[in-house]
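Heads up: the protein sequence lines correspond to chains Z and B, in order.
Note that the numbering used here has the first sequence beginning at 17, numbered continuously upward.
Note that the numbering used here has the second sequence beginning at -8, numbered continuously upward.
Right, one structure below, let's go through it.
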Amino acid sequence: MIRLVKPSVLRERGILGMNKRNLTFIGANNPRRNYQIVDNKLLTKKAALERNIVVPELYGVIEHQFQINRMLDMLEGRDAFVIKPVQGSGGKGILVITSREGEHFVKSSGGVLDGRDLRRHTSNILAGLHSLGGRNDAAMIEALIDFNPLLAEYSYEGVPDIRVIVFRGVPVMAMMRCATHASDGKANLHQGAVGVGLDIGEGFSVAAVQRGSLVTHHPDTGACFKSLRLPDWDDILDLAASCAEMTGLGYLGADIVLDRQRGPMLLELNARPGLAIQVANQEGLIHRLGVAAEIARTAVDHDDRIRQAKLRFHRPQAVLQAS
Amino acid sequence: MIASRAKVGIVAGALIVFGIAVAAYKVVGLDLPLWPGESREVWTIETKVSFKPASGPVEVDLALPSGLGGWVTLEEHFASSGFGFSVFEEADGRVARWSRQLLEHPTTLYFKQQVYRARRAELPDMPVETPDPPLLEADQQAAMERFVADLRDRSSSPATFTALMIQELRRAEPSQDAEFLLGTYSDAPLRVMLDVLAYVDIPAYPVRGIALQDGRRRQTLSTLLQVYDGSDWEVFDPDSGQAGLPDDFFVWRQGNGAALRVLGGRDSRLEFALVRNSLSAKTVVSMEERSDEFALLDFSIYALPVEQQGIFKGILLLPVAAFVVVMMRVLVGIKTSGTFMPVLIALAFLQTTLWVGLAIFLVLVSVGLWIRSWLSHLNLLLVARVSAVVIVVVLLMAALSLISYKLGVDQALTVTFFPTIILSWTIERMSILWEEEGGREVMMQGGGSLLVAVLAYLTMSVPVVEHLTFNFPELLISLLGVILLIGKYTGYRLSELYRFRDMAKMQ
């Protein structure tokens, strides 16, 4: 017997559904002409640099098949890097190289590739294997994130990233996505990664969820999520809110990583952020979105919006740690 | 936001009311039946006479049906642009004559009629005359003698004789004499039958008519045998040997006269396009007189040529299928691969029937996926890869047809109704999905697509749905209104009630 929940209960809890997200929040707040800057990672990077938003360093772009032959020259002297499709979505087609062994390249999972494998992967990206609708694409090569060792124990084989939902420039809800063995080192919640809800006020964890069930410890590393508190929290919120101003999108998901040296860094943006963040936070989005709209109306500037958000969305830790 | 909601609400409401109002007017004011049950089957038969002109004046005579077997003609319409046209009586019925002095191009003449069977009447008796003996060569004579003697031994009456004769001539491997006779008559079994009957002095006549099949475009005349069994006339189907006038047989002409004579032309062909509609008996009777009175009827789908009517019957079902897709995606939240791919699959199911269609679909997609997984090792560019899959799918369809035909499973021949390109894209998408998200997601989306396709198929095959969309196309305007409303639905999807089921417990 499939157990369903009454719509009235979800409504009371303020859970945001797919239809309402699409119509009321994305449709009404995200002008279609502004999507391009989000869907194309090169444009995102360019716009971010103009606004002094920190992004991973770009090593090079490969747009044409003939450039692939010279790509190894381009990577001369780079030991660690990431190859990703410019218009990919959902983390598809991302190849992470962590070190070199002579002529060979070592992947984050420990696998070893040679130059031919690298070229084939890039050729697949150009053919559009990983992009929406199979359009022709370009490949970009950027610096590997040297992620903050404080977070290393919360992720298995992958970079933990922080998703912040920003509504009209106001940070509304945040979570950290931790890769697990089950998710194959990917930070996708529906593939089994752990989603950790984060308090907007101070950046500590409020709940951790894997495949819809509450968990307290990382299934592979055994790290306890209750003691998690993110460093540089104010910078993270500042960065997320700046992205909203940069793109002109009213409803936005910003994916942020913490670099050891350079601090919070923008990884990518999403104009259609998913609903799983509600499960990770064990709270619905609708009430917060209402409050955010109010903040956006009254706040005088960028810093005021963040200040008010931290105040209004802060959850008293004692209650939340009870589970 | 609120303003746009209200706007959509008003527009949708107006559309819904308009559609229902027009339909209601047609039901109440014009007496069209709302349900298919309380109706008559009316066949629209479009007769096409096509020929190439020879030299000299052209004269085309078409014998017209004269209401045999209880068939009643509601409406007749002749198209005769540039031709002199007249209808006149002859001894055995009415004849339409088109004539023209000079003609240069191949021409098609049209004659459209609406008919229904008012009652099940027998065919009228023919004059009982001893037929003239057939003119036979010596060897034919000998074969006929033996063939007839054998039949006589085994039959008791003219009726059983006829049935047995048809059976013998129609066997997959006829006896030596039967085969010889068929051979000398250049395989025209009907002429053999008439001559055999004439040889044994049984009066018999051909009955020409149309085997009625909904949606047929190029039906030709077929022939039954009317045989005198000593006291009564009986009709036999010369293919099956079945006695009695079939229900789905529209009688055109009785007797030996030709249905079509073309003077001054060659390569003449007589073809029929057929469509079946359901109309209430009352409407049927009053339709012709009132079609001038009510412009609405004149602008209905019925005013179209029959071929287009048949096509529209299918097209008018599409909005219903699209509606099912909208419901399943917006209200239920089923994931499908490709938004309207399930509609195309459902259309294919309409032709193949459900179980056969499902089996074919699963075979094609799974074998396609298997071959596609091999193609992915070759590292091809995208368009080349999809084209390769298209070719593989076409070959698979051919193989499936051949194998099933050899095995005697005729149903699998309908595989050709599946949209090849769509299938190929489905296979391509599924295989990428498999590589990136794993088999589970493929099963979810593939299963979702099939489920939606089956639901769309089931909805489209409800007789009431077909009846309503065809007779009341204005209801589609109402459907448009409903879809606009669904487009503004911001409530939860059924799938979300499951997805967020644990959220109910939280603080």
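The C-beta atom is built at its ideal place from N, Cα and C for all residues, glycine as well.
Model, not experiment: these values are computed from the prediction.
Does chain B have any CB closer than 7 Å to the CB of T40 (chain Z)? Working through the first sequence from its first residue, we reach residue 40 (chain Z) at position 24. The C-beta of T40 (chain Z) comes closer than 7 Å to at least one C-beta of chain B.
Starting from L53 (chain B), follow the beta strand (DSSP E) in both directions and report where the run begins and ends. Within the second sequence, residue 53 (chain B) is the residue found at index 62, counting from 1. Note, L53 (chain B): beta strand (DSSP E), 49 to 54.
Rounding to the nearest angstrom, what Cα-Cα distance links E279 (chain B) and T344 (chain B) in this structure? Here residue 279 (chain B) refers to the residue found at position 288 of the second sequence. Here residue 344 (chain B) refers to the residue found at position 353 of the second sequence. Reliability fails at E279 (chain B), whose pLDDT of 48 lies under 50, so the model's placement of it is uncertain and the value that follows must be treated cautiously. In a straight line, the C-alpha of E279 (chain B) is about 36 Å away from that of T344 (chain B).
According to the neighbour-count rule (16 or more other Cβ atoms, all chains shown, within 10 Å of its Cβ), is S339 (chain Z) buried or exposed? Reading the first sequence from its first residue, position 323 is the one you call residue 339 (chain Z). Here the model assigns S339 (chain Z) a pLDDT of 41, short of 50, so the residue's position is not dependable, and the following value carries that caveat. It is exposed - the Cβ of S339 (chain Z) has fewer than 16 other Cβ atoms within 10 Å.
Can you give me the Cβ contacts of W425 (chain B) inside the same chain, cut-off strictly under 7 Å, excluding the 5 residues immediately before and after it? Locating residue 425 (chain B) in the second sequence gives position 434, where the first residue counts as 1. V433.
C-alpha distance - G300 (chain Z) paired with N45 (chain Z), whole-angstrom precision: Here residue 300 (chain Z) is taken as the residue at index 284 of the first sequence, counted from 1. Here residue 45 (chain Z) is taken as the residue at index 29 of the first sequence, counted from 1. Those two C-alpha atoms are separated by around 19 Å.
Hey, would you say L55 (chain B) sits closer than 7 Å to Q105 (chain B), going by beta carbons? Taking the second sequence and counting its residues from 1, one reaches residue 55 (chain B) at position 64. Taking the second sequence and counting its residues from 1, one reaches residue 105 (chain B) at position 114. Cβ distance not < 7 Å, so L55 (chain B) and Q105 (chain B) don't count as in contact.
I'd like to check one pair, M494 (chain B) with I216 (chain Z): are the Cβ atoms closer than 7 Å? Within the first sequence, numbered from 1, the residue matching residue 216 (chain Z) stands at position 200. Within the second sequence, numbered from 1, the residue matching residue 494 (chain B) stands at position 503. Cβ atoms of I216 (chain Z) and M494 (chain B): not closer than 7 Å.
Short Cβ contact (7 Å threshold) for V323 (chain B) with L485 (chain B): As a working note, residue 323 (chain B) is residue 332 in the second sequence. As a working note, residue 485 (chain B) is residue 494 in the second sequence. Against a cut-off of 7 Å, the Cβ pair of L485 (chain B) and V323 (chain B) comes out as a contact.
At 7 Å on the CB atoms, spell out the chain B contacts of I113 (chain Z), in chain order. Here the question's residue 113 (chain Z) lines up with position 97 in the first sequence. Per Cβ cutoff of 7 Å: no residues; I113 (chain Z) is ~20 Å from chain B at best.
Using CA atoms only, rank isn't needed, just tell me which of Z:G76, Z:N85, Z:H146 is closest to G131 (chain Z). Numbered from its first residue, the first sequence carries residue 131 (chain Z) at position 115. Comparing Cα positions, the closest option is Z:N85.
Can you pull the chain B neighbours of P47 (chain Z), defined as C-beta to C-beta under 8 Å? Your numbering for residue 47 (chain Z) matches position 31 in the first sequence. None at all; the shortest Cβ gap to chain B is about 15 Å.
Taking CB distances under 7 Å as the criterion, tell me whether F331 (chain B) reaches chain Z. Along the second sequence, read from residue 1 onward, the residue named residue 331 (chain B) stands at position 340. Not closer than 7 Å to any Cβ of chain Z, the Cβ of F331 (chain B) fails to qualify, so no.
Applying a beta-carbon distance threshold of less than 8 Å, which residues of chain Z neighbour L366 (chain B)? In the second sequence, residue 366 (chain B) corresponds to position 375, counting from 1. What L366 (chain B) touches in chain Z: nothing, since even the nearest Cβ is about 13 Å away.
Have a look at the DSSP bridge pairing and note the partners of P101 (chain Z). The residue you call residue 101 (chain Z) lines up with position 85 of the first sequence. Answer is Z:A155, bridged to P101 (chain Z).
From this set, B:V381, B:T411, B:G359, which residue's C-alpha is nearest I336 (chain B)'s C-alpha? Position 345 of the second sequence holds residue 336 (chain B). Comparing Cα positions, the closest option is B:T411.
Can you give me the C-alpha to C-alpha distance between D320 (chain Z) and N68 (chain Z), rounded to a whole angstrom? The count along the first sequence starts at 1 and reaches residue 320 (chain Z) at position 304. The count along the first sequence starts at 1 and reaches residue 68 (chain Z) at position 52. Each residue's alpha carbon lies about 20 Å from the other.
Using the C-alpha atoms, what's the distance from L255 (chain Z) back to Y170 (chain Z)? Your numbering for residue 170 (chain Z) matches position 154 in the first sequence. Your numbering for residue 255 (chain Z) matches position 239 in the first sequence. If you take the alpha carbons of Y170 (chain Z) and L255 (chain Z), they lie about 22 Å apart.
Is the CB-CB distance between I161 (chain Z) and V180 (chain Z) below 7 Å? If you number the first sequence from 1, residue 161 (chain Z) lands on position 145. If you number the first sequence from 1, residue 180 (chain Z) lands on position 164. No, these two residues do not count as a Cβ contact at 7 Å.
Within a Cβ cutoff of 7 Å, which residues of the same chain sit near A260 (chain Z), ignoring the five residues on either side of it in sequence? Start at 1 with the first residue of the first sequence, and residue 260 (chain Z) comes out as number 244. Excluding five sequence positions before and after A260 (chain Z), the CB atoms of its chain that fall closer than 7 Å to its own CB belong to V182, G185, L268, given in chain order.
So with CB distances below 8 Å, who are the chain B contacts of A143 (chain Z)? One-based indexing of the first sequence puts residue 143 (chain Z) at position 127. Ordered by position in chain B, the residues that pass the 8 Å Cβ test against A143 (chain Z) are L372, L373.
If you measure beta-carbon to beta-carbon, which residues of the region 381 to 394 of chain B are closer than 8 Å to chain Z? none
Taking CB distances under 7 Å as the criterion, tell me whether L20 (chain Z) reaches chain B. Taking the first sequence and counting its residues from 1, one reaches residue 20 (chain Z) at position 4. Closer than 7 Å to some Cβ of chain B, the Cβ of L20 (chain Z) qualifies, so yes.
Is the beta carbon of I477 (chain B) less than 7 Å from the beta carbon of L265 (chain B)? Against the second sequence, residue 477 (chain B) aligns to sequence position 486. Against the second sequence, residue 265 (chain B) aligns to sequence position 274. The answer is no: Cβ separation not under 7 Å.
Exposed or buried, V128 (chain Z), counting other C-beta atoms within 10 Å across all chains shown (16 or more means buried)? Numbered from its first residue, the first sequence carries residue 128 (chain Z) at position 112. V128 (chain Z) comes out exposed.
What residue ranges within the region 35 to 95 of chain B form continuous beta strand (DSSP E) runs of no fewer than 3 residues, ordered along the chain? Counting whole runs of 3 or more residues, the region 35 to 95 of chain B contains the beta strand (DSSP E) stretches 49 to 54, 62 to 70, 75 to 81, 84 to 91.
Please report whether the beta-carbon of R484 (chain B) lies at a distance below 7 Å from any beta-carbon of chain Z. Taking the first residue of the second sequence as position 1, residue 484 (chain B) is located at position 493. It does; some Cβ of chain Z falls within 7 Å.
How many Å lie between L212 (chain B) and I468 (chain B) at the Cα? If you number the second sequence from 1, residue 212 (chain B) lands on position 221. If you number the second sequence from 1, residue 468 (chain B) lands on position 477. Answer to the nearest angstrom: the Cα atoms are 40 Å apart.
Simplified DSSP assignment, three categories, for L203 (chain B): Translated into the one-based positions of the second sequence, residue 203 (chain B) becomes position 212. Three-state DSSP puts L203 (chain B) in coil, outside helix and strand.
Is there a Cβ of chain Z sitting closer than 7 Å to that of A(-6) (chain B), yes or no? Here residue -6 (chain B) refers to the residue found at position 3 when the second sequence is read from its first residue. For A(-6) (chain B), the answer is no, since every Cβ of chain Z falls outside 7 Å of its Cβ.
Counting C-beta neighbours from all protein chains within 10 Å, is the total for W243 (chain B) 16 or more, i.e. buried, or is it exposed? Taking the first residue of the second sequence as 1, we reach residue 243 (chain B) at position 252. By the 10 Å Cβ count, W243 (chain B) comes out buried.
Run the CB neighbour count on Q207 (chain Z), radius 10 Å, all protein chains shown included, and call it buried at 16 or more, exposed below. Position 191 of the first sequence, counting from 1, holds the residue named residue 207 (chain Z). Classification of Q207 (chain Z): buried, given that the 10 Å Cβ count is 16 or more.
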